[in-house]
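**Q** Submitted below is the structure of interest, expressed as structure tokens.
Protein chains: 2
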Amino acid sequence: MNIYDVSARAGVSIATVSRVLNGSPNVSEKTRIRILAVMEELGYKPNIFARGLGLDTMKTVGIMCSDSSDPYLASAIYFLERELRGCGYDAILSCTGASLSRKRQYFELLLSKRVDAMILAGSKFIEMNPEDNAYLTEAAAGLPIMLINCFLDAPGIYSTVCDDHAAMYETAGRLIRSGRKRILYLYSSHSYSGVNKRQGYEDALNAHGLPVRGELIRRCDKDPGQAKELLLSLDDSGVAFDAVMTSDDSLAVGAVKYAHAKGLAVPKQLAVVGYNNSTLSRCTDPEISSVDTKVEALCTAAVRSLMKILGGEENVAKKTTIAAEFVRRQTTDP
Amino acid sequence: MNIYDVSARAGVSIATVSRVLNGSPNVSEKTRIRILAVMEELGYKPNIFARGLGLDTMKTVGIMCSDSSDPYLASAIYFLERELRGCGYDAILSCTGASLSRKRQYFELLLSKRVDAMILAGSKFIEMNPEDNAYLTEAAAGLPIMLINCFLDAPGIYSTVCDDHAAMYETAGRLIRSGRKRILYLYSSHSYSGVNKRQGYEDALNAHGLPVRGELIRRCDKDPGQAKELLLSLDDSGVAFDAVMTSDDSLAVGAVKYAHAKGLAVPKQLAVVGYNNSTLSRCTDPEISSVDTKVEALCTAAVRSLMKILGGEENVAKKTTIAAEFVRRQTTDP
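Here the protein sequences come in this chain order: C and A. First residue of the first sequence: 1, per our numbering; consecutive thereafter. First residue of the second sequence: 335, per our numbering; consecutive thereafter.
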């Protein structure tokens, strides 16, 4: 007996049942009473997070990501699937792309498969406009939603995040202490994680009395060739910088290629720092110092939390934060 | 009504029902008669590949791969999931690792979820010993099995492969025509695809009257650092080579790093060719010429075949071969 049975018997959508469970005002009184009557008739108790204990489970978790071929997300999916399988759960994968309507559509599709929980991997699932997250907060009345590297403060939604702000704050501080005065920040996304990273960079500049310059904060797609071209064009237009911090290793690879193209000594004339500590950081000469964002630890912690929730435990942490680690290679000073 | 109902009613495993459907001799006459009686009783018709037409479908396909964080397999999973979803099918992902017992166990688990088909991505699912493939040929009586970049000649098993032999044959020919005499071949696996690649290399040497030298055929894990170290140690022990062909871009990155370490001009003193045309091939300076193995086309073709099979079409090609394409960058002669 679960939310889907209630929805079918009452002839309303799952979202509507969720709204009633959530106490949302966006349900007519007539519908609310009908749904409550069906719940009573079916003996339904909204103790749905403990489904894992009972028989009413498909032992299946939906995993959504924007793009499973992104190296960071590919690793996350690998670790999530491994941990879930270790707990006897199947993973249904859904790659949504970036559009909100597609994300909502695929989310509803997975819900209709009676998954026991949803895991949203990557920081692109929470929108700036709260209304755009309503489909998640409503669904979270019916099943737990785990966010990997993203955060939303709502009942039934649990986050496991890397402390991107601290990682960027420390990285920028390290560069500043080694004498860098004009640190270019190259990023690819305005996501939850993207915003924290940039804030860490800006806060470090402020803490060290350096100005935050708009001309040194640049967006670029995750592509080494595009990053290289962007830096060459900044150079052409007279923008000076002695270090490049990036939100992804692919951008740092572009910075090393830019240094090669201009004959700059790395790190003497240009320091470069990657992010995510992927294989890309070990492909260039010199190899790239990068921030290990601990994706395996994140995924393991998220599945551990999920199993507690499905097992009926209360007081599971709403937000688990894991520290990143700076991995020094050859593109930064000792 | 399907093979699972028959298995449950007859009190035998799915594999045993499959064996009866397959006409396998490894079933006792008593069991065979009992299963046939259950089929008759249930009105079961083994037209199971056409399930997609009927109601007896979960609209779900199992995807197995050894490691979803491998860049090639990550791309394959992305394209497979996208194509399946476009056809209204969910993808249950299972990352098996390399052990045969784990592959069998996960395969059976997915079968028990009543998937409509199985897709095995990557060339590591077919074993040398035919007995080790029996679980696949038996299951293929109950549902279609699609192999991506692998091949097994058995009823119900369909392959979509890249022509690795031709790709390597042409790559080696290209290097030989540009004057290379001692081409080192660096590979990571003895899989179906791995065997074809190596054979293409050897056949090209033979066709051009060059000797196949064991000392120039070396195995290495897919890791740039390990590949670099291996080449340095070959150099130390007096093994000479003027080109490096690889079965994966990660190994080619190692060859470029080796050239940097020894101060060799690329491609003048050392030509390097990667395989799979991944982002890694664009991270080094010089950028690496690589073989595009057309993973998107492979996955699209495999799902298109699968939909025909599930739609009840007959005469779907048992093997679809897609040509690779050489992408010249800066590590080979024009």
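All residues carry an ideal CB built from backbone N, CA and C; glycine is no exception.
If you draw a straight line from the C-alpha of C/M307 to the C-alpha of C/E138, how long is it?
**A** Roughly 21 Å between the two C-alpha positions.
**Q** Closest to A/L565 by CA distance: which of A/V606, A/A658, A/D450 and A/M452 is it?
**A** Nearest C-alpha to A/L565: A/V606.
**Q** With a 10 Å radius around its C-beta and 16 neighbouring C-beta atoms as the bar for buried, classify C/I33 as buried or exposed.
**A** So C/I33 counts as exposed.
**Q** Express the C-alpha separation of A/C554 and C/N277 in angstroms, rounding to a whole number.
**A** Each residue's alpha carbon lies about 22 Å from the other.
**Q** Looking only at its own chain, which residues have a Cβ that is under 8 Å from the Cβ of C/E287, when we skip the five neighbours before and after it?
**A** So the qualifying residues of the chain are S281, R329, Q330 and T331.
**Q** Is there at least one Cβ from chain C nearer than 8 Å to A/D487's Cβ?
**A** With 8 Å as the cut-off, A/D487 does not count as an interface residue toward chain C.
**Q** May I ask you to list the residues that DSSP assigns as paired with C/E325?
**A** The partner list for C/E325 (beta bridge, DSSP) reads C/D292.
**Q** Could you give the DSSP three-state label for C/I14: helix, strand or coil?
**A** In the structure shown, C/I14 sits in a helix (DSSP, three-state: H, G or I).
**Q** Taking Cβ-Cβ distances below 7 Å as the criterion, which residues of the stretch 551 to 570 of chain A are in contact with chain C?
**A** Those residues of the stretch 551 to 570 of chain A that come within reach of chain C (Cβ to Cβ, closer than 7 Å) are P558 and G559.
**Q** Whole angstroms is fine: what's the gap from A/L389's alpha carbon to A/V395's?
**A** Caution applies to A/L389, whose pLDDT of 39 falls short of 50 and renders its modelled position unreliable; the value that the coordinates give is listed next. If you take the alpha carbons of A/L389 and A/V395, they lie about 15 Å apart.
**Q** Starting from A/R553 and walking both ways along the alpha helix (DSSP H), at which residues does that stretch end?
**A** Where A/R553 is concerned, there is no enclosing alpha helix (DSSP H), although the beta strand (DSSP E) it sits in stretches over I551 to R553.
**Q** Is A/G386 close to chain C? Criterion is C-beta to C-beta, closer than 8 Å.
**A** Because the pLDDT of A/G386 is 35, which lies under 50, any placement of that residue in the model is unreliable, and the question is left without a value.
**Q** DSSP three-state call for A/S435: helix, strand or coil?
**A** Helix at A/S435.
**Q** May I have the straight-line CA-CA distance separating C/V266 from C/S75, to the nearest angstrom?
**A** Whole-angstrom Cα-Cα distance: 29 Å.
**Q** Could you check whether the Cβ of A/E630 sits closer than 8 Å to any Cβ belonging to chain C?
**A** Closer than 8 Å: no.
**Q** Just to confirm before moving on: does the CB-CB distance between C/A172 and C/Y192 stay below 8 Å?
**A** Contact: no.
**Q** Tell me which same chain residues have a C-beta within less than 7 Å of the C-beta of C/A140, skipping the five on either side of it?
**A** Taken in chain order, the residues that qualify are A154, P155, G156 and I157.
**Q** Say whether the stretch 298 to 316 of chain C touches the stretch 105 to 119 of chain C, bearing in mind that this needs 3 or more beta-carbon pairs closer than 8 Å, one atom from each stretch.
**A** Yes, the stretch 298 to 316 of chain C touches the stretch 105 to 119 of chain C.
**Q** If you draw a straight line from the alpha carbon of A/C399 to that of A/Y423, how long is it in whole angstroms?
**A** Rounded to whole angstroms, A/C399 to A/Y423 spans 18 Å at the Cα level.
**Q** Could you give the DSSP three-state label for C/I126: helix, strand or coil?
**A** Three-state DSSP puts C/I126 in coil, outside helix and strand.
**Q** Using 8 Å as the Cβ pair cut-off and three pairs as the minimum, do the stretch 432 to 446 of chain A and the stretch 650 to 663 of chain A touch?
**A** No: the two stretches stay apart, fewer than three of their Cβ pairs being nearer than 8 Å.
**Q** So, C/I63 versus C/L80, is the Cβ gap smaller than 8 Å?
**A** Cβ atoms of C/I63 and C/L80: closer than 8 Å.
**Q** Name the chain A residues whose beta carbon is nearer than 8 Å to that of C/T284?
**A** By Cβ distance, chain A contributes C617, T618 and D619.
**Q** Which residue's Cα is closest to the Cα of A/R287: A/K447, A/A657, A/L539 and A/H499?
**A** Summary: the structure shown does not reach residue 287 of chain A, with chain A confined to residues 335 through 668, and so no result is reported for it.
**Q** Could you check where the beta strand (DSSP E) with C/T137 kicks off and where it finishes?
**A** Not the beta strand (DSSP E): C/T137 falls in the alpha helix (DSSP H), residues A134 to A139.
**Q** Tell me the DSSP secondary structure of A/M452 in three-state form.
**A** A/M452: strand per DSSP, three-state reduction.
**Q** Mind checking which residues open and close the beta strand (DSSP E) that includes C/L184?
**A** It spans I183 to Y187 - the beta strand (DSSP E) in which C/L184 sits, taken as one unbroken run.
**Q** Look up C/M64 in the DSSP assignment and give the residues it is bridged to.
**A** C/S94 and C/L120, per the DSSP bridge assignment.
**Q** Would a check of beta-carbon distances place C/S99 closer than 8 Å to chain A?
**A** Judged by the 8 Å Cβ criterion, C/S99 is not in contact with chain A.
**Q** What is the DSSP secondary structure of A/C496, reduced to helix, strand or coil?
**A** A/C496: strand per DSSP, three-state reduction.
**Q** Could you run through the stretch 81 to 108 of chain C and flag, in chain order, every residue whose CB is less than 8 Å away from some CB of chain A?
**A** Hits within the stretch, in order: E81, R82, R85, D90, A91, I92, L93, S94, C95 and Y106.
**Q** Quick check: C/I145 and C/T160, are their CB atoms within less than 8 Å of each other?
**A** It is not a contact, given that the beta carbons lie outside the stated cut-off.
**Q** Using the beta-carbon of each residue, which ones in chain A are nearer than 8 Å to C/S68?
**A** Correct list: S402, A408, I411, Y412 and E415.
**Q** Among residues of its own chain, excluding the 5 on either side of C/R9, which ones have a beta-carbon nearer than 6 Å to its beta-carbon?
**A** Same-chain partners within the cutoff: V38.
**Q** State buried or exposed for C/K181, treating a residue as buried only when at least 16 other CB atoms are found within 10 Å of its CB.
**A** Classification of C/K181: exposed, given that the 10 Å Cβ count is below 16.
**Q** Note the first and the last residue of the continuous alpha helix (DSSP H) segment covering C/L73.
**A** Here the alpha helix (DSSP H) through C/L73 covers P71 to G86.
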